[in-house]
Structure formats: C-alpha cells, structure tokens
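The working numbering puts the first residue of the sequence shown at 41, with every later residue one more than the last.
Everything below concerns the one structure shown next.
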Amino acid sequence: MQFKPIEQSFAVNFNYSLHFTNEVFGSSNSLFAEIIKSYKPNNQVKLLFVIDDGVLRNHSYLLENIKSYCLNYSKQLIFTESLLIPGGEAAKNNYDNVNSIIGAIDKNAICRHSFIVVIGGGAVIDMAGYAASIAHRGVKLIRIPTTVLSQNDAAIGVKNGINAHGKKNFIGTFATPYAVINDQKFLTTLEQRDWIAGVAEAIKVALIKDKSFFTEIKKNAVLLKERNMEAMLHSIYRCAEMHMDHIAQNGDPFENGSSRPLDFGHWSAHKLEQMSNYTMRHGEAVAKGMAIDLTYACILEYISSDVLDEILGVLINIGFDLSIPVSGNKEMNELLNGIEEFREHLGGELTITMINEIGQKFDIHEINLELMTDAINSLNKKFKINAA
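Okay, structure coming up:
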C-alpha cells in the first residue's frame, strides 16, 4: 500500500517590543513591572536575573535595587536569584556559563512561563539568550542591554549564540525576546572604547539603508566621540528602529536565505575578533571590516575614491583605528580564510553585501583574493602599518 505525503503549513506571529527608559529599577519607574504584567495580568511571575559582572562593578547598587524593586511590585514579580556572569566576549567562549544558567533555571523551578532577565553587554545577552532558548525548549526572555552596541544592534534581533570550534556564533538559536529595555543610565559608565564601538553598527545600517542617517552621523561625529548623550541616544534609537524594521519587513528574519545585508563588513570582522583572541571589540572589528570591504569596492569602482574617503573620514573622526592587524603572509591568509568560514556560516553560497552609493546596497557572490589583499594592504599603507 502506498501513502501520499501529508503536508501542512502554519504561520506563527512573533511580537516583541523595544522600550527606552532611565533607571529601569528605580522605585518610581513602573515600566518593568508593567511589561511583566502584560504577560500575565493576574498572576505573579518568577524572575531569574543574569547579570554581566562588569555592569555590577560600575553599578554596585544594582543587586539591591533589583530586590527592592521586586518587593515593591510583589503583586507581579517573584525574585528568585541574581546570577553573575563574567562579561565580554569570553562569556560566549565558555559553555560552563550556559550550564550555570540552566542549573539556576532548574534550581529555582523556572518554567516556560517564567522569565530570564539578562542585563549586560551583547556577549552576555547572546549567551544567556541561548541558554533560555534551550531550557524547557524556551523560557521567556527580557533583554536589558547595557552598551551602545547591544542597545542599537546586538540585543535587538532574534539571534542567540555562543562561540565554538574557533568560530564566532557557531552554536546558537533564533528566538525572539519578550521585550528589550534600553536604559540610558548604563551608558554613562562605559569605557570610551565601548562608547565608540557601538557607533560602527549605526554607520553600517546607514550605509546600506539610509543616506540621510549617515549624513546625520557625519554631522554629529565629534559629538558622538565626545560622549554627547543626546546625539548618542538619537543614533541608538534610529539604528535600532531600522534594525527592527529590517527583521520584520525583510521577509527572512530567521535567515533561511544567504543574503544578510546587516552583516556588511562582518566576514572579516568575525575573523579579526577571533585572531585577536576576542580582545578586539565587535564594533571595532566591524569598523575595520567595513573599511576593508569599502576599499575593495573602490578598487572595483563600485564606489568612487571620494565616497570611500568620506566614509573612512567619518569613522576616523568618531575615533576608530582602521589599521588591519596583519603583519605577514601567514596572518593575511588566516584573515582571508574568513571568507570561506563566512560562506559556511551562510549555508553554502557566498553572499557579501557591498554598496554602490551611500544608502544603497547590493550583493556579490565572489571575492577576488588578490584584490582583497590589495585592499587590506592599501588600508594599512594609508594608516601607516607595515602589511603583507
């Protein structure tokens, strides 16, 4: 007897919100409690907090504020535990951190209708999101990003992951958070490197999507470098808005295809981070990665030398070092191998985003390695670095 295939299709509607506030756990700020209440209006909800230890060093009051806040809004909130995780990219290199969160989920009887609340930079948020997505096949997640890069990019999307086998984000999931809360208070204590680094993602999205946004960043470059909060908050808001719009309107939020325009400059950025043993900030690597691809685009006459110099000038004015840390053929070849690793990450077909003018992107599917080498050496010559 032969049976015909049984086929079915269904659609799932995903919704999450991005909120902006100041001092989210201040006693008079009801936003967090209202977000939890919106999930279960008539029930208390258990909360497990995962906190970047670097955040706690700069905001020593945070643990006590969280406990007091949960007591103040005890009709909605049940505090269970605050779990501290070492911050920075190292958080994603150690699977023990994932196991610690899963262990805390088990110990505190956190169920699929409880919440993991992760507070930290993009790496801790990525890792904790991965742990939340695999426990009970998905525990509810609220992200509270604390860096410029995580507030305008890393915490906004639907990706979670950790590094493995020498590759960035080799293990991960797609899972939407219940909500994201950007708290400007956390930005005030950032190191200058972290303040600047996140602007790279704003420049990236402006270059591929919105010339007027790039013009605004160019105009405010010195203000951004000098830590003008109003200029930074506006940049974060616009970048996050465009990022979320892309996820919702692009038609491929879970990246089933190979085109990833939001990864502009990222094939080399991921490799540069790995080659630096993750001492290089992601945003710093993205700035270098964009400079490489833009120089390559200029060599191929996709963009003019004037456009290239304009963009590199904005990156320099904000404070980025655009030299590429390769000092010989071995390091050059290791960096160029990032192209093949990126192809594997995409799923087979190499797709690299380029621009042919500011605000307008297109995809290419082949890279001339000799010309890409020339692009890297050209950058290093321009910025006084001895290259291969």
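Beta carbons: idealized from backbone N, C-alpha and C, even for Gly.
This structure is a prediction, so every number in the text was calculated from the model and none was measured.
Grab the span of the beta strand (DSSP E) containing residue i for me, first residue to last.
{"i": "Ser70", "result": "No beta strand (DSSP E) holds Ser70; DSSP gives it neither H nor E."}
{"i": "Met412", "result": "Looking at the DSSP string, Met412 is not in any beta strand (DSSP E); the run it does join, the alpha helix (DSSP H), is Leu409 to Lys422."}
{"i": "Ala204", "result": "Lys199 to Ala204"}
{"i": "Asp403", "result": "Gln400 to Ile404"}
{"i": "Leu88", "result": "Val85 to Asp92"}
{"i": "Arg183", "result": "Lys180 to Pro185"}
{"i": "Ser212", "result": "The sequence given here places Gly at residue 212; Ser does not occur at that position. Residues Lys207 to Phe214."}
Using the three-state DSSP reduction, which class does residue i fall into: helix, strand or coil?
{"i": "Ala427", "result": "At Ala427, the pLDDT of 43 sits below 50, so the modelled position is not reliable; the number obtained from the coordinates is stated separately. DSSP places Ala427 in coil when its eight states are reduced to three."}
{"i": "His59", "result": "strand"}
{"i": "Ser108", "result": "helix"}
{"i": "Asp250", "result": "coil"}
{"i": "Phe54", "result": "coil"}
{"i": "Asn477", "result": "Examination of residue 477 is not possible in this model, given that the chain is present from 41 through 428 alone."}
{"i": "Lys259", "result": "helix"}
{"i": "Thr319", "result": "coil"}
{"i": "Thr393", "result": "strand"}
{"i": "Ile343", "result": "coil"}
{"i": "Ile364", "result": "coil"}
{"i": "Ile159", "result": "strand"}
{"i": "Gly128", "result": "coil"}
{"i": "Ala242", "result": "helix"}
What is the rounded straight-line gap between the Cα of residue i and the Cα of residue j?
{"i": "Gly29", "j": "Glu313", "result": "Here the chain comprises residues numbered 41 to 428, so residue 29 is not present and cannot be evaluated."}
{"i": "His310", "j": "His322", "result": "8 Å"}
{"i": "Asn290", "j": "Val164", "result": "27 Å"}
{"i": "Gly197", "j": "Leu263", "result": "27 Å"}
{"i": "Ile243", "j": "Ile416", "result": "20 Å"}
{"i": "Met282", "j": "Val245", "result": "7 Å"}
{"i": "Ser367", "j": "Met315", "result": "12 Å"}
{"i": "Ser298", "j": "Thr391", "result": "Note that Ser298 scores 46 on pLDDT, short of 50, meaning its location in the model is unreliable; the coordinates nonetheless yield the value given after this. The straight-line gap from Cα to Cα measures roughly 6 Å."}
{"i": "Ala175", "j": "Ala168", "result": "11 Å"}
{"i": "Gly305", "j": "Ile257", "result": "18 Å"}
{"i": "Phe402", "j": "Ile248", "result": "9 Å"}
{"i": "His153", "j": "Ser122", "result": "18 Å"}
{"i": "Asn203", "j": "Tyr135", "result": "9 Å"}
{"i": "Phe226", "j": "Lys44", "result": "58 Å"}
{"i": "Gly378", "j": "Asn209", "result": "14 Å"}
{"i": "Arg233", "j": "Pro185", "result": "17 Å"}
{"i": "Asp349", "j": "Met372", "result": "24 Å"}
{"i": "Thr229", "j": "Glu129", "result": "19 Å"}
{"i": "Asn98", "j": "Ser67", "result": "20 Å"}
{"i": "Tyr101", "j": "Asn139", "result": "27 Å"}
{"i": "Lys370", "j": "Glu397", "result": "33 Å"}
{"i": "Ile150", "j": "Gly206", "result": "32 Å"}
{"i": "Ile211", "j": "Gly201", "result": "6 Å"}
{"i": "Ala131", "j": "Val347", "result": "38 Å"}
By the DSSP assignment, the alpha helix (DSSP H) with residue i in it spans what residues?
{"i": "Gln429", "result": "Residue coverage of the chain in this structure runs from 41 to 428, which leaves residue 429 outside it and unanswerable."}
{"i": "Ala144", "result": "Tyr135 to Lys147"}
{"i": "Arg152", "result": "It is not in any alpha helix (DSSP H) - Arg152 carries neither H nor E in the DSSP assignment."}
{"i": "Ala219", "result": "Counting along the chain, Ala219 falls outside any alpha helix (DSSP H), though it belongs to the beta strand (DSSP E) covering Ala219 to Asp223."}
{"i": "Ile276", "result": "Met269 to Gln289"}
{"i": "Gly169", "result": "Gly162 to Ile174"}
{"i": "Ser122", "result": "Here Ser122 belongs to no alpha helix (DSSP H); instead the beta strand (DSSP E) covers Leu117 to Ile125."}
{"i": "Asp234", "result": "Gln232 to Ala237"}
Looking only at its own chain, which residues have a Cβ that is under 6 Å from the Cβ of residue i, when we skip the five neighbours before and after it?
{"i": "Ser418", "result": "Thr335"}
{"i": "Thr216", "result": "Phe54, Tyr56 and Val198"}
{"i": "Phe65", "result": "Asn105, Ile106 and Tyr109"}
{"i": "Thr120", "result": "Lys86, Leu88 and Asn148"}
{"i": "Ala237", "result": "Leu189, Arg321, Gly323 and Glu324"}
{"i": "Tyr318", "result": "Glu129"}
Note down, in chain order, each residue of its chain lying with its Cβ closer than 7 Å to the Cβ of residue i, except the 5 sequence neighbours on either side.
{"i": "Gln116", "result": "Ala73, Ile76, Lys77, Gln84 and Val85"}
{"i": "Met412", "result": "Tyr336 and Leu376"}
{"i": "Leu409", "result": "Leu376"}
{"i": "Glu241", "result": "Leu189, Asn192, Asp193, Cys279, Gly323 and Val326"}
{"i": "Asp414", "result": "Ile339"}
{"i": "His286", "result": "Leu302"}
Please find out if some non-hydrogen atom of the ligand FMN comes closer than 8 Å to the beta-carbon of residue i.
{"i": "Gly127", "result": "With respect to small molecules bound, the structure shown includes none, and the ligand FMN cannot be examined in it."}
Ignore the nearest five residues each way along the sequence and tell me which others in residue i's own chain have a CB closer than 8 Å to its CB.
{"i": "Ser344", "result": "Cys338"}
{"i": "Ile395", "result": "Leu247, Ile248, Phe304, Leu334, Ala337, Tyr342, Ile343, Lys401 and Phe402"}
{"i": "Leu355", "result": "Ala240, Ile243, Ala327, Met330, Ala331 and Leu362"}
{"i": "Asn268", "result": "Asn260"}
- Message: Could you check whether the segment 55-66 touches the segment 212-223, counting it as contact only if at least three pairs of C-beta atoms, one from each stretch, sit closer than 8 Å?
- Response: yes
- Query: Do three or more CB pairs link the segment 360-370 to the segment 326-333 at distances below 8 Å?
  - Reply: yes
- Mind the definition here: the segment 97-115 touches the segment 132-147 only if three or more C-beta pairs lie below 8 Å; say whether that holds. no
- Item | Touch test, the segment 184-201 against the segment 275-283, Cβ-Cβ under 8 Å, three pairs minimum | yes
- Touching by the beta-carbon criterion (3+ pairs, under 8 Å), the segment 89-106 and the segment 252-263: no
- Message: For the segment 175-184 against the segment 115-134, do three or more pairs of beta-carbon atoms, one drawn from each stretch, fall closer than 8 Å, so that the two count as touching?
- Response: no
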